[in-house]
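Peer 1: So that we are looking at the same thing, I have put the structure below in structure tokens.
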Amino acid sequence: MDRPRITIFDTTLRDGEQSPGCSMNVQEKLHLAQQLDRLGVDVIEAGFPIASDGDFEAVQSIAASLRRPIVAGLARACTGDVDRAWQALQGAARPRIHVFLATSDIHLKYKLRITREKCLEQAREAVRHAKSLCADVEFSPEDATRTDVAFLCQVVEAVIAAGATTVNIPDTVGYSMPEEYGQLIRTLREKVAGIDKVTISTHCHNDLGLAVANSLAGVQQGARQVECTINGIGERAGNASLEEIVMAMRVRPDRYAYETGIASEQLYPSSQMLAEITRVPVQPNKAIIGRNAFAHEAGIHQDGMLKNPLTYEIMTPQSVGVPDSRLVLGKHSGRHALALRCEQLGHQFERRELDEIYRRFVVLADRIKKVQDSHLLELIQDVSSGNLSNSDVAGSQGKKFPPATAALPFPRAVSAAAGANSNDSHPAQVSGSAGQAMVSIPFTDHHSDQEDYLWGV
Ligand SMILES: [Zn+2]
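Residues in the sequence shown are numbered from 3 upward in steps of one, following our numbering.
As structure tokens, this is what we get:
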């Protein structure tokens, strides 16, 4: 097969983290970046190094620990930002500096207070400087979709001449329509000298619910990189959702004949891990990875499903890593079933840790009959965050969660039910339906300074 390969650029840790309530600390970001690596994303935008020391450290530690994916750091179009990004990327096997500068008249006039000429010059200079440090340079004309098209072409041509290797076209405010966005990509391909030597990228926001449709329209007109996030998190209504982009191409190759390097069975574990770290639950009807995405309740649907799943299922739950819902975990479930479910949720454990999880699982299952994924995740969190009995401490090295997360609010249903942490100040919060346990969690207050910072593309 000779399908064009689409580069999946994940910006969960940068644009995604800018959504309210989604801030993550350094260890949480590293943990998620490792999952993004397992998922097979090509580029991880790890942060905005000049925005805060925390962001700098996150980019630095991700760059130092991952070898396969490209690790990108964001920078405004000025020397200080570019230098700081480059400094954070020092340990990277495959670094990328991502420079952005707004190009729409409204941003130039009211935000930057510069002329088009100055904007053109600043973009060119910043890219030239980035290129003197790093071979892989991406440029984003922020608010590209509201930029005068002739001027946009001029800027893109200038940054390509200055050494940009990827040109990203952000629909920063989520204003574009699919055919319009596709047309813009086509126009750039037709009018910009040197565009065939660089990768064109999409970066679409979801203010009108069109981020995925716009991204796909861009791909159909020649974009070969898509910027997206897990669970579609991001500024305001979010970014294009990674899982939707990937599965649209996989389920409909007749319309979107493109390849990605994504291991689709890692989509659900990635989604769960992000929801768990940020405490921002996924909407139940979210495509691909929502709780109800594969639930069939109507009688006629259930009947059809039992006769042949293809009657109502365009992809299998297994293909996106959703655990088989028919496999209910209860007190008769064995260690193997428990280990398998943990693995499906993105957690592998050493024997001693699994022993501890199993021990608590049995106690819990005895009380609440059916153990839901949310309970299991909570229990995993509890054990992994160091609440092991003394004899187990030596076995905790393989823990998947950073200790810092232990201090964050988390429903205590499992630990309370299992008799652990009896002196914990949080009361048990089991709601009526066990599967709903994560819904009532208050947002954490660990905002970083970055939320008031310039918010990028
Ligand atoms: Zn954005």
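Backbone N, C-alpha and C fix where the C-beta goes; we use that ideal spot for every residue, glycine too.
Does the beta-carbon of residue 292, which I'm using as the reference point, lie nearer than 7 angstroms to any heavy atom of ligand 1?
Peer 2: The answer is no for residue 292.
Peer 1: Quick one: residues in its chain with C-beta nearer than 6 angstroms to the C-beta of residue 357, no 5 flanking neighbours on either side, listed in chain order?
Peer 2: Closer than 6 angstroms at the Cβ level, and outside the excluded window around residue 357, lies no residue.
Peer 1: Do residue 164 and residue 133 have their CB atoms nearer than 8 angstroms?
Peer 2: Yes; because the gap between Cβ atoms is below 8 angstroms, this pair is in contact.
Peer 1: In the DSSP assignment, find the unbroken alpha helix (DSSP H) run with residue 273 in it and report its ends.
Peer 2: Segment 269-280, the alpha helix (DSSP H) holding residue 273.
Peer 1: Kindly provide the ranges of any alpha helix (DSSP H) runs that are 4 or more residues long and lie completely inside the segment 48-105, ordered along the chain.
Peer 2: Here the runs fully enclosed are 55-67 and 81-90.
Peer 1: Based on Cα-Cα distance, which residue from 118, 57, 150 and 162 lies nearest to residue 130?
Peer 2: Comparing Cα-Cα distances from residue 130 to each of 118, 57, 150 and 162, the minimum goes to 162.
Peer 1: What are the boundary residues of the alpha helix (DSSP H) that residue 153 is part of?
Peer 2: Element bounds for residue 153: 151-163.
Peer 1: Have a look at 104, 340 and 296 and flag the residue whose alpha-carbon is nearest the alpha-carbon of residue 174.
Peer 2: Of 104, 340 and 296, the residue nearest in Cα terms is 104.
Peer 1: What are the boundary residues of the alpha helix (DSSP H) that residue 352 is part of?
Peer 2: It is not in any alpha helix (DSSP H) - residue 352 carries neither H nor E in the DSSP assignment.
Peer 1: Could you have a look at residue 246 and say whether DSSP puts it in helix, strand or coil?
Peer 2: The answer is helix: DSSP assigns residue 246 an H, G or I state.
Peer 1: Got a sec: does ligand 1 put a non-hydrogen atom nearer than 7 angstroms to the Cβ of residue 6?
Peer 2: Every heavy atom of ligand 1 is 7 angstroms or more from the Cβ of residue 6, so no.
Peer 1: Around the Cβ of residue 181, are there at least 16 other Cβ atoms within 10 angstroms (buried) or fewer (exposed)?
Peer 2: Classification for residue 181: exposed.
Peer 1: Give the C-beta separation of residue 241 and residue 18 to the nearest angstrom, bearing in mind that I take them to be a contact with Cβ-Cβ under 8 angstroms.
Peer 2: Correct: roughly 7 angstroms between the Cβ atoms.
Peer 1: For residue 374, which three-state DSSP category applies?
Peer 2: Residue state, collapsed to three classes: coil.
Peer 1: Report the three-state DSSP secondary structure of residue 24 (helix, strand or coil).
Peer 2: If DSSP states are grouped into helix, strand and coil, residue 24 belongs with coil.
Peer 1: Does the beta-carbon of residue 172, which I'm using as the reference point, lie nearer than 7 angstroms to any heavy atom of ligand 1?
Peer 2: For ligand 1, at least one heavy atom lies less than 7 angstroms from the Cβ of residue 172.
Peer 1: Mind checking who residue 12 pairs with in its DSSP beta bridge?
Peer 2: DSSP output for residue 12 lists 46 and 230 as bridge partner(s).
Peer 1: Work out the CA separation of residue 123 and residue 52 for me, nearest whole Å.
Peer 2: Rounded to whole angstroms, residue 52 to residue 123 spans 22 angstroms at the Cα level.
Peer 1: Based on the DSSP secondary-structure assignment, which residues constitute the bridge partners of residue 241?
Peer 2: 207, per the DSSP bridge assignment.
Peer 1: Based on Cα-Cα distance, which residue from 195, 196, 126 and 221 lies nearest to residue 171?
Peer 2: If we check each option's Cα against that of residue 171, 221 comes out closest.
Peer 1: Looking at residue 340: is its Cβ nearer than 8 angstroms to the Cβ of residue 375?
Peer 2: Taking 8 angstroms as the Cβ cut-off, residue 340 and residue 375 do not qualify as a contacting pair.
Peer 1: From the DSSP output, read off the bridge partner residues of residue 200.
Peer 2: The partner list for residue 200 (beta bridge, DSSP) is empty, contrary to what the question assumes.
Peer 1: Here's the rule: buried if 16 or more other CB atoms are within 10 angstroms of the residue's CB, otherwise exposed. What is residue 147?
Peer 2: Looking at its Cβ environment, which holds 16 or more other Cβ atoms inside 10 Å, residue 147 is buried.
Peer 1: Do you know whose CA, among 354, 271, 290 and 377, lies nearest residue 345's CA?
Peer 2: Nearest of 354, 271, 290 and 377 to residue 345, Cα basis: 271.
Peer 1: Is it true that the CB of residue 226 sits closer than 8 angstroms to the CB of residue 189?
Peer 2: No, Cβ-Cβ distance for residue 189 and residue 226 is not below 8 angstroms.
Peer 1: What would DSSP say about residue 139, mapped onto helix, strand or coil?
Peer 2: Of the three classes helix, strand and coil, the one that applies to residue 139 here is strand, per DSSP.
Peer 1: Can you grab the Cα-Cα spacing for the pair residue 212 / residue 179, in whole Å?
Peer 2: When rounded, the distance between both Cα atoms is 7 angstroms.
Peer 1: Assuming residue 97 and residue 65 form a contact by the criterion Cβ under 8 angstroms, report the distance between their Cβ atoms to the nearest whole angstrom.
Peer 2: Yes, they are in contact, since the Cβ atoms of residue 97 and residue 65 sit about 7 angstroms apart, within 8 angstroms.
Peer 1: For residue 368, which of 195, 334 and 350 has the nearest alpha-carbon?
Peer 2: Considering only alpha carbons, the answer is 334.
Peer 1: Is it the case that the CB of residue 18 approaches a heavy atom of ligand 1 more closely than 7 angstroms?
Peer 2: Residue 18: no, Cβ never under 7 angstroms from ligand 1.
Peer 1: Let me know if residue 338 comes out buried or exposed under the rule of 16 or more other beta-carbons within 10 Å of its beta-carbon.
Peer 2: It counts as exposed.
Peer 1: Are there 16 or more other CB atoms within 10 angstroms of the CB of residue 260, so buried, or fewer, so exposed?
Peer 2: The residue is buried, with at least 16 neighbouring Cβ atoms inside 10 Å.
Peer 1: Residue 265 to residue 273, Cα distance in whole Å?
Peer 2: Their Cα atoms are separated by approximately 13 angstroms.
Peer 1: Assign residue 212 to one of three DSSP states: helix, strand, or coil.
Peer 2: Here residue 212 sits in coil by DSSP.
Peer 1: Just list the residues that DSSP pairs residue 331 with in beta bridges.
Peer 2: DSSP output for residue 331 lists 373 as bridge partner(s).
Peer 1: Between the C-alpha atoms of residue 234 and residue 12, what's the straight-line distance to the nearest angstrom?
Peer 2: Taking the straight line from one Cα to the other gives about 10 angstroms.
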